[in-house]
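S.K.: Just so you know, the sequences run in chain order A and B. If you number the first sequence the way our numbering does, the last residue is 341 and the count never jumps. If you number the second sequence the way our numbering does, the last residue is 682 and the count never jumps.
2 protein chains.
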Amino acid sequence: MSTTTLSNRQYILKSRPEGLPDRSHFELREAPVREPGDGDVLVRTRYLSVDPTNRVWMSDMKQYMPPVFPGEVMRALGVGVVERSLHPDYRAGDLVSGLLGWQDYSVARPGDIALAPLPRLDAPLSAFLCPLHVSGGITAYVGLFDIAQPRAGETMVVSAAAGSVGSLAGQMGKIAGCRVVGIAGSDAGCRYVTEELGFDACINYRTEDVAEALGRACPDGIDIDFENVGGDILDTVLDKMNLNGRVTLCGLISTYNDKQPRPGPTRFPLILMQRLRVQGFVVLDHHARFAEAVEKIHGWMKAGKITWREHVVEGLENAPDALPMLFKPNKLGKLLVKVSE
Amino acid sequence: MSTTTLSNRQYILKSRPEGLPDRSHFELREAPVREPGDGDVLVRTRYLSVDPTNRVWMSDMKQYMPPVFPGEVMRALGVGVVERSLHPDYRAGDLVSGLLGWQDYSVARPGDIALAPLPRLDAPLSAFLCPLHVSGGITAYVGLFDIAQPRAGETMVVSAAAGSVGSLAGQMGKIAGCRVVGIAGSDAGCRYVTEELGFDACINYRTEDVAEALGRACPDGIDIDFENVGGDILDTVLDKMNLNGRVTLCGLISTYNDKQPRPGPTRFPLILMQRLRVQGFVVLDHHARFAEAVEKIHGWMKAGKITWREHVVEGLENAPDALPMLFKPNKLGKLLVKVSE
Chain A
1 MSTTTLSNRQ
11 YILKSRPEGL
21 PDRSHFELRE
31 APVREPGDGD
41 VLVRTRYLSV
51 DPTNRVWMSD
61 MKQYMPPVFP
71 GEVMRALGVG
81 VVERSLHPDY
91 RAGDLVSGLL
101 GWQDYSVARP
111 GDIALAPLPR
121 LDAPLSAFLC
131 PLHVSGGITA
141 YVGLFDIAQP
151 RAGETMVVSA
161 AAGSVGSLAG
171 QMGKIAGCRV
181 VGIAGSDAGC
191 RYVTEELGFD
201 ACINYRTEDV
211 AEALGRACPD
221 GIDIDFENVG
231 GDILDTVLDK
241 MNLNGRVTLC
251 GLISTYNDKQ
261 PRPGPTRFPL
271 ILMQRLRVQG
281 FVVLDHHARF
291 AEAVEKIHGW
301 MKAGKITWRE
311 HVVEGLENAP
321 DALPMLFKPN
331 KLGKLLVKVS
341 E
Chain B
342 MSTTTLSNRQ
352 YILKSRPEGL
362 PDRSHFELRE
372 APVREPGDGD
382 VLVRTRYLSV
392 DPTNRVWMSD
402 MKQYMPPVFP
412 GEVMRALGVG
422 VVERSLHPDY
432 RAGDLVSGLL
442 GWQDYSVARP
452 GDIALAPLPR
462 LDAPLSAFLC
472 PLHVSGGITA
482 YVGLFDIAQP
492 RAGETMVVSA
502 AAGSVGSLAG
512 QMGKIAGCRV
522 VGIAGSDAGC
532 RYVTEELGFD
542 ACINYRTEDV
552 AEALGRACPD
562 GIDIDFENVG
572 GDILDTVLDK
582 MNLNGRVTLC
592 GLISTYNDKQ
602 PRPGPTRFPL
612 ILMQRLRVQG
622 FVVLDHHARF
632 AEAVEKIHGW
642 MKAGKITWRE
652 HVVEGLENAP
662 DALPMLFKPN
672 KLGKLLVKVS
682 E
């Protein structure tokens, strides 16, 4: 197969958004796929993972890796299939995950796009994008067990509870023996996490008084906050943290569209008074833990203790419309763009 | 000796201050010392420790132990001498530390005022109030070695650097092999910590642009922030924290006189992006570490690696005027009230 016969659609970041991103910030280009050189692999994208961190990469805020610069292909994690390999560790047909970007095909050295073979486990492909993926279960696993370090009987609050990471972190909290209280943005989300995922309670922050509802749902206070949202919700949660509580700072989605930096939590002094540990983490730092996480999560899937949902947007062409969906409570579980079969 | 012949001056908290505390918030009472009962000790106060946390105890903010209530003797740590003991573990003449309060004499069960004998070490009495005291060196030791966990070659910033805890934390940072940069409120304070204590640099936040000065003093960024102040200075320091940096939240003195809760740091999202660990601690939780801390600090004192200064206010009657001095840059080192010889 000559790759020059393949055409590649690519979404290029055109400008940095102020506020919510939309289609106007991207430009669709079409170009022939370049011929792989020695050490390259050619990967066909199957699914793209749509994550809050994509919005961070579009901005020039201080962040944990270089942002995407205007003119570059929009960065995104995804899974795909190797179509051609000039690298000794990969063969045509291999299923892989990596920073495939918003495009039909990637041609790159594996290390440059964080390529890794999918684990050889008995699981559907979509599981490798959610419970078994860095943007889902692996983040939940590291953030909960390594960063928050739960003890049985503790109370754990999870924000963005119906989302990809939150839904899995909460289920793992139940496995760890915690009382788990979710915070979500819709009644459907609350029903999902309590009825399907086994959370003990869930608060709809759009319709309920969060402080009052947290008081009811957490009669013994809060020991762990698995924080995906930030802003006012975090502030309210801080107010109820117990002595020696831990805040795993996994995401701050409520702030990513801010045009101006906003003030931090008013309850910041409680970090001192309640001897809290507030720890930011980025899962990519914890590569050494991925194998254990995948093994454990896969075991829990088999045992029926971990379940998940996907919300699939069909077609690469719709990726720019998928991204803003993250910031609205109109989907449950993992948001994906299906690029090819 | 009958204790009924002893008269006890006591400062009673009259009202909770809004803003800076002053004499109007206290009432001086004089009453005979009550007769010790079985299990009690009678302690004569020699020195009182004047600490930022005293201001916290005067307020009804959420805090790490119950506040002082109006009508109660003002709480304070101090050292004294046992005048009479009806407790098997104490004898007249013993030197002790504990929550002696703003009064000439305490009559209490040892456990009720956290009484402990002074370590039997070759050191002047004042050392037991500063480098060897929970309000000084022991806090610095636990906050640095247990909470921040320094590595040689790292850069450490210490706010309130000329104060009791800051001056000792910075010297311990040097012992740990760190580059140590202080932040203080006067040129005299800056000279003290660089010339006498061996800090590598010090910034006068009242006369310098802190962001710019930090950039110059910390060319490799900041790995550890030993935070005693909070507010804008903390926000500025956060902006320069390196990946995996640690913020030891030891005090937030800039906020203790706030009439309204103020917003937290604008750079709060950097805790996530830079994977910081922000940890509040209160030294009283770490009792099991005190013996090691005292032994190590005493060794460093003997080796000339730890030095300190005291600022002594004479007379219990002047305690209400001593307290607000904490919030002004007009003293170096540990602030004490001398109550008796």
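Idealized CB from N, CA, C, for every residue including glycine. Because the structure is a prediction, the values reported are computed rather than measured.
For B/I574 and A/L144, I'd like the C-alpha separation in whole angstroms.
M.R.: In the second sequence, the residue the question calls residue 574 of chain B occupies position 233. In the first sequence, the residue the question calls residue 144 of chain A occupies position 144. The straight-line gap from Cα to Cα measures roughly 31 angstroms.
S.K.: In the DSSP assignment, what residue or residues form a beta bridge with B/N349?
M.R.: Position 8 of the second sequence holds residue 349 of chain B. B/N349 is bridged to B/A372.
S.K.: Got a sec: which bits of the region 635-659 of chain B sit with their beta carbon under 8 angstroms from any beta carbon on chain A, in order along the chain?
M.R.: From the region 635-659 of chain B, no residue has a Cβ closer than 8 angstroms to chain A.
S.K.: Taking 8 angstroms as the threshold (beta carbon to beta carbon), is A/V282 in contact with chain B?
M.R.: Translated into positions along the first sequence, residue 282 of chain A becomes position 282. So yes, A/V282 belongs to the interface.
S.K.: Give the secondary structure of A/D217 by DSSP, where H, G and I count as helix, E and B as strand, and everything else as coil.
M.R.: Numbered from its first residue, the first sequence carries residue 217 of chain A at position 217. Correcting the residue identity first, residue 217 of chain A is Ala in this sequence and not Asp. A/A217 falls in the helix class under three-state DSSP.
S.K.: In chain order, what residues of the region 576-590 of chain B put their CB closer than 7 angstroms to some CB of chain A?
M.R.: For the region 576-590 of chain B, which is checked against every Cβ of chain A, the residues closer than 7 angstroms are L590.
S.K.: Mark A/N330 as exposed unless 16 or more other C-beta atoms lie within 10 angstroms of its C-beta, in which case mark it buried.
M.R.: Along the first sequence, one-based indexing puts residue 330 of chain A at 330. Exposed is the call here.
S.K.: Only counting runs of 3 or more residues, tell me where the beta strand (DSSP E) segments fall wholly within the region 609-658 of chain B, in order along the chain.
M.R.: Qualifying beta strand (DSSP E) stretches, in chain order: 618-621 and 651-655.
S.K.: For B/R630, which residues from the same chain have a beta carbon less than 6 angstroms from its beta carbon, with the 5 sequence-adjacent residues on both sides left out?
M.R.: For this step, residue 630 of chain B is matched to residue 289 along the second sequence. Answer for B/R630: V483, listed in chain order.
S.K.: Taking the alpha helix (DSSP H) that B/G507 falls in, what are its first and last residues?
M.R.: If you number the second sequence from 1, residue 507 of chain B lands on position 166. That run of the alpha helix (DSSP H) goes S505 to I516.
S.K.: With A/G189 as the anchor, note down where its alpha helix (DSSP H) starts and where it stops.
M.R.: By 1-based counting over the first sequence, the position of residue 189 of chain A is 189. Looking at the DSSP string, the run of the alpha helix (DSSP H) that includes A/G189 is D187 to R191.
S.K.: Counting only Cβ pairs nearer than 7 angstroms, list the residues of chain A close to B/K600.
M.R.: Sequence index remark: in the second sequence, residue 600 of chain B carries index 259 (1-based). Neighbours of B/K600 on chain A: none; closest Cβ ~13 angstroms, over 7 angstroms.
S.K.: Taking all protein chains shown into account, do 16 or more other C-beta atoms lie within 10 angstroms of the C-beta of A/F69, making it buried, or fewer, making it exposed?
M.R.: Here residue 69 of chain A is taken as the residue at index 69 of the first sequence, counted from 1. Classification of A/F69: exposed, given that the 10 Å Cβ count is below 16.
S.K.: Using the beta-carbon of each residue, which ones in chain A are nearer than 8 angstroms to B/R357?
M.R.: Taking the first residue of the second sequence as 1, we reach residue 357 of chain B at position 16. What B/R357 touches in chain A: nothing, since even the nearest Cβ is about 16 angstroms away.
S.K.: Among all the DSSP beta bridges, which residues are the ones paired with A/P17?
M.R.: Working through the first sequence from its first residue, we reach residue 17 of chain A at position 17. Partner(s): none; A/P17 has no beta bridge.
S.K.: For a cutoff of 8 angstroms on Cβ pairs, would you count B/I612 as touching chain A?
M.R.: Working through the second sequence from its first residue, we reach residue 612 of chain B at position 271. Chain A contact via Cβ: present.
S.K.: For a test of the three-state rule: what should DSSP assign to B/A468, helix, strand or coil?
M.R.: Along the second sequence, read from residue 1 onward, the residue named residue 468 of chain B stands at position 127. The answer is helix: DSSP assigns B/A468 an H, G or I state.
S.K.: Given B/L621, which residues of its chain have a CB within under 6 angstroms of its CB, disregarding the five upstream and five downstream residues?
M.R.: Walking along the second sequence from the start, residue 621 of chain B turns up at place 280. Looking at the sequence itself, residue 621 of chain B is Gly, so the reference to Leu does not match. Taken in chain order, the residues that qualify are L590.
S.K.: Say whether the region 593-610 of chain B touches the region 508-526 of chain B, bearing in mind that this needs 3 or more beta-carbon pairs closer than 8 angstroms, one atom from each stretch.
M.R.: Too few Cβ pairs lie closer than 8 angstroms, so no.
S.K.: Does A/H133 pass the burial test, meaning 16 or more other C-beta atoms within 10 Å, or should it be called exposed?
M.R.: Position 133 of the first sequence, counted from the first residue, corresponds to residue 133 of chain A. Counting Cβ neighbours within 10 Å, A/H133 comes out buried, since at least 16 surround it.
S.K.: Just verifying my parser: in three-state terms, what is the DSSP assignment at A/D232?
M.R.: As a first step, residue 232 of chain A must be located in the first sequence, where it is residue number 232. Three-state DSSP puts A/D232 in a helix.
S.K.: Between which residues of its own chain and A/D350 is the CB-CB distance below 7 angstroms, once the five residues before and five after are set aside?
M.R.: Chain A is shown from 1 up to 341; residue 350 of chain A falls before or after that span and cannot be answered.
S.K.: Determine the contact status of A/L284 and A/R55, defining contact as a CB-CB distance below 8 angstroms.
M.R.: For this step, residue 284 of chain A is matched to residue 284 along the first sequence. For this step, residue 55 of chain A is matched to residue 55 along the first sequence. It is not a contact, given that the beta carbons lie outside the stated cut-off.
S.K.: Just grab the DSSP bridge partners of A/V142 for me.
M.R.: Your numbering for residue 142 of chain A matches position 142 in the first sequence. Its beta-bridge partners do not exist; DSSP assigns none.
S.K.: Measure from the C-beta of A/V278 to each C-beta in chain B and report whether the shortest distance is under 8 angstroms.
M.R.: One-based indexing of the first sequence puts residue 278 of chain A at position 278. Yes - at least one Cβ of chain B is within 8 angstroms of the one on A/V278.
S.K.: Quick one: complete beta strand (DSSP E) runs, 3+ long, within the region 67-137 of chain A?
M.R.: Runs found: 78-85, 95-98 and 105-108.
S.K.: Select from A/G71, A/L129 and A/P119 the residue whose C-alpha is nearest the C-alpha of A/K334.
M.R.: Here residue 334 of chain A refers to the residue found at position 334 when the first sequence is read from its first residue. Ranking the options by Cα distance to A/K334, first place goes to A/L129.
S.K.: Distance cutoff 8 angstroms, beta carbons only. Does B/R616 sit that close to anything in chain A?
M.R.: In the second sequence, the residue the question calls residue 616 of chain B occupies position 275. So yes, B/R616 belongs to the interface.
S.K.: If you measure from the beta carbon of B/Q404 to each beta carbon in chain A, is any gap under 8 angstroms?
M.R.: Counting from 1 along the second sequence, the entry for residue 404 of chain B is found at position 63. Judged by the 8 angstroms Cβ criterion, B/Q404 is in contact with chain A.
S.K.: For A/T266, which three-state DSSP category applies?
M.R.: Position 266 of the first sequence, counted from the start, is the residue given in the question as residue 266 of chain A. DSSP places A/T266 in coil when its eight states are reduced to three.
S.K.: If you run the structure through DSSP and keep just helix, strand and coil, what is A/F226?
M.R.: As a working mapping, residue 226 of chain A is identified with position 226 in the first sequence. Reduced to three states, the DSSP call for A/F226 is strand.
S.K.: Under 8 angstroms between beta-carbons, which chain A residues line up against B/T607? List them in chain order, please.
M.R.: Position 266 of the second sequence, counting from 1, holds the residue named residue 607 of chain B. Near B/T607 (Cβ distances below 8 angstroms), the residues of chain A are P261, R262, P263 and G264.
S.K.: Please state the DSSP three-state secondary structure of B/M311.
M.R.: Outside the displayed range of chain B (342 to 682) lies residue 311 of chain B, so it cannot be described from this structure.
S.K.: Looking at the unbroken beta strand (DSSP E) that takes in A/A322, where does it start and where does it end?
M.R.: By 1-based counting over the first sequence, the position of residue 322 of chain A is 322. It is not in any beta strand (DSSP E) - A/A322 instead sits in the alpha helix (DSSP H) that spans A319 to A322.
S.K.: Going by the beta-carbon positions, is the gap between A/D89 and A/P119 smaller than 8 angstroms?
M.R.: As a working note, residue 89 of chain A is residue 89 in the first sequence. As a working note, residue 119 of chain A is residue 119 in the first sequence. Not closer than 8 angstroms, so no.
S.K.: Does any residue of chain B have a CB that is nearer than 8 angstroms to the CB of A/T255?
M.R.: Numbered from its first residue, the first sequence carries residue 255 of chain A at position 255. Chain B contact via Cβ: present.
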